[in-house]
Each structure stands twice: as C-alpha cells, then as structure tokens.
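Novice: Quick note: the sequence shown uses the working numbering, first residue 8, plus one each step.
Heads up, the beta-carbon is just placed ideally off N, CA and C, and yes, glycines get one too.
The structure displayed is predicted, hence computed values, not measured ones.
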Amino acid sequence: MAKGDKEKCFTSSAADYYNTRKRGNHDQICNTNYNTMIDAAVPIYWKSMECGNAVHVAYWFFYGYQDTCSPGAGAHDADWEHIVVKVIDVDTSNEKLDKVMYYQHEGRYTRKQGNYEVYNTNHPIVYVGKNSHGSYHDDGGSGTCCYFEDFRNPGSHNQHQDTWLNLEELRRDNTSPEWMLDTGSVYFDGITSPLNRDETYDLCNLQGCEGAWLQVCNTCGCAKSDIGDEIM
Numbered sequence: 008m009a010k011g012d013k014e015k016c017f018t019s020s021a022a023d024y025y026n027t028r029k030r031g032n033h034d035q036i037c038n039t040n041y042n043t044m045i046d047a048a049v050p051i052y053w054k055s056m057e058c059g060n061a062v063h064v065a066y067w068f069f070y071g072y073q074d075t076c077s078p079g080a081g082a083h084d085a086d087w088e089h090i091v092v093k094v095i096d097v098d099t100s101n102e103k104l105d106k107v108m109y110y111q112h113e114g115r116y117t118r119k120q121g122n123y124e125v126y127n128t129n130h131p132i133v134y135v136g137k138n139s140h141g142s143y144h145d146d147g148g149s150g151t152c153c154y155f156e157d158f159r160n161p162g163s164h165n166q167h168q169d170t171w172l173n174l175e176e177l178r179r180d181n182t183s184p185e186w187m188l189d190t191g192s193v194y195f196d197g198i199t200s201p202l203n204r205d206e207t208y209d210l211c212n213l214q215g216c217e218g219a220w221l222q223v224c225n226t227c228g229c230a231k232s233d234i235g236d237e238i239m
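(1) Does the count of Cβ pairs from the region 221 to 230 and the region 63 to 70 closer than 8 Å reach three?
(2) Just list the residues that DSSP pairs L202 with in beta bridges.
(3) Please name the residue in F158, I90 and Y154 whose C-alpha comes closest to that of N146.
(4) Does the structure place the region 41 to 48 close enough to the region 79 to 97 that three or more beta carbon pairs sit under 8 Å?
(5) Among all the DSSP beta bridges, which residues are the ones paired with I132?
(6) Does G11 come out as helix, strand or coil in the three-state DSSP assignment?
(7) Excluding sequence positions up to five away, which residues of its chain have a Cβ less than 6 Å from the Cβ of K13?
(8) Which first and last residues belong to the alpha helix (DSSP H) in which A29 is found?
(9) Run the CB neighbour count on E185, radius 10 Å, all protein chains shown included, and call it buried at 16 or more, exposed below.
(10) Suppose contacts are defined by Cβ-Cβ distances below 8 Å. Is I238 in contact with N212 by that definition?
And the structure:
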C-alpha cells in the first residue's frame, strides 16, 4: 500500500509495536480502531521532574504510522509526539495547572493558563493533527502542509482519548518493560524513543518555543507562544 493511502491512525501501544518488530514483522501498523480509545486500551506515557515549587510532566503519545499531507512527503513508521504540562503550588493544597507546551513537527510553543482549553478543570485539551499528529491548543487547520494547517477538528464524531485513564511511567528500573530499557531505535524503525532523548531528563530548562516568530508555512512555533522563548 502506498504511503498516504491508509486510514488515519489513533495512538498505539509502544510495547506491542516494539515486540511486533522484534519478532521480525515489518508490516505497517496503524491503529484504526476507535474502540481502543473509548476503552482506554492504549497507554499514554509520562515522565515528571520537580522544578522548584512546580512539577513538569511530559506526556508522550505513540503512533504506529504517521501519514502525510502530501503523498511521498514525510510519511513514516513509528511516531512519538508529546506535550509538557507545568503544575504549580505542588507543595500546597491548591496545586493547579499553569502552562502547557505543545510540540509539532520540529517546533513547539507554550500557552499560559486561560489560553488553552481544559476538561474538568485539571485536564488540558490537546488537538491532534490528523496527518502528522502534532499537538495544538486549538482546533482548525485547512489540511495543507503548512505548520499550523494540519487538520484537527473532531467534528460531529467528537473522537477523543481520555488519556488520564491509562498512564504508564517512563522508567528504567527492574520493573521496566524491555522497550524502555533498549538504548537503540531498531525496533522503532529508527525513531528515538523518549527515554533516549536528552530533553526527557531536563524538563526544567525547556525554552518556551522553537521556530519562526511570524506565522509562516514553515516551522513557526514561536508565533503562538505566550511566553516567547523564555524558560517554561
């Protein structure tokens, strides 16, 4: 099947993907079963770090396949995407959401509290690009290849994933699954997993944005950052 011809993919289990590849199966893997979202059957992966009176939590989403906005341009197997959430006043009884950093393609941007949507007061809403799976604070998109134009509107289907219902910590200890301990990328088709990325261990020093400051077609994350490129 040609790249770009498949249905769009929901999140997948990184462990299942890793084990499938390790067995020698190199078929394209794309989760098109929305029931796995409804049933919270797919885990979301997290890693946290204390940063003064705040905690930064990175939430990682794995997709077995990333489609493309233009046939032959950018599609690939195995796709890791993420956001970072800042929770403040964690040493009090009034801890609350503060900022959220949204990652897309090669860039990112940060939104302050009140400038992103939340569910039930403590779950920031993330709109996911239909093709490249980038994370955004709003819906929209025309479906073209420009940076903020990946289509992300649930429409009448309102398809969504309650990510907090199935969370798995990213860790390297005697309870870790094999894929978390693997320092290579062979079984993720060359895509680096979160525990093999430097930023996973430096969540307190993330710059607020990356990309152009004007909204253009290419990477322009800073165009929508509330804090510019200041440290989150």
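Specialist: The relevant details are as follows:
(1) Output reads no: the region 63 to 70 does not touch the region 221 to 230.
(2) Residue numbering aside, residue 202 sits at position 195 when the sequence shown is read from its first letter. BP columns for L202 are empty, so no partner.
(3) For the purposes of this step, residue 146 is taken as residue 139 along the sequence shown, with counting starting at 1. In the sequence under discussion, the amino acid at residue 146 is Asp, which differs from the Asn named in the question. The shortest Cα separation from D146 among F158, I90 and Y154 belongs to F158.
(4) Using a Cβ-Cβ distance cut-off of 8 Å, the region 79 to 97 and the region 41 to 48 are not in contact, since fewer than three pairs of beta carbons, one from each stretch, lie closer than that value.
(5) Here the question's residue 132 lines up with position 125 in the sequence shown. Per the DSSP secondary-structure output, I132 pairs with nothing in a beta bridge.
(6) To locate residue 11, count along the sequence shown from 1; it is residue 4. Low local confidence applies: a pLDDT of 38 at G11 is under 50, so the model's placement there is unreliable, with the coordinate-based value given in what follows. Assignment of G11 by DSSP, reduced to helix, strand and coil, places it in the coil class.
(7) Along the sequence shown, read from residue 1 onward, the residue named residue 13 stands at position 6. Because K13 carries a pLDDT of 48, less than 50, the predicted location of this residue cannot be relied on, and the following value inherits that uncertainty. Within its own chain, the residues whose Cβ lies closer than 6 Å to the Cβ of K13, once the five positions on either side in sequence are excluded, are C37, listed in chain order.
(8) Sequence index remark: in the sequence shown, residue 29 carries index 22 (1-based). Looking at the sequence shown, residue 29 is not Ala but Lys. Where K29 is concerned, the enclosing alpha helix (DSSP H) starts and stops at A21 to K29.
(9) On the sequence shown, residue 185 is found 178 positions in, with the first residue counted as 1. Its Cβ having fewer than 16 others within 10 Å, E185 is exposed.
(10) By 1-based counting over the sequence shown, the position of residue 238 is 231. By 1-based counting over the sequence shown, the position of residue 212 is 205. Against a cut-off of 8 Å, the Cβ pair of N212 and I238 comes out as a contact.
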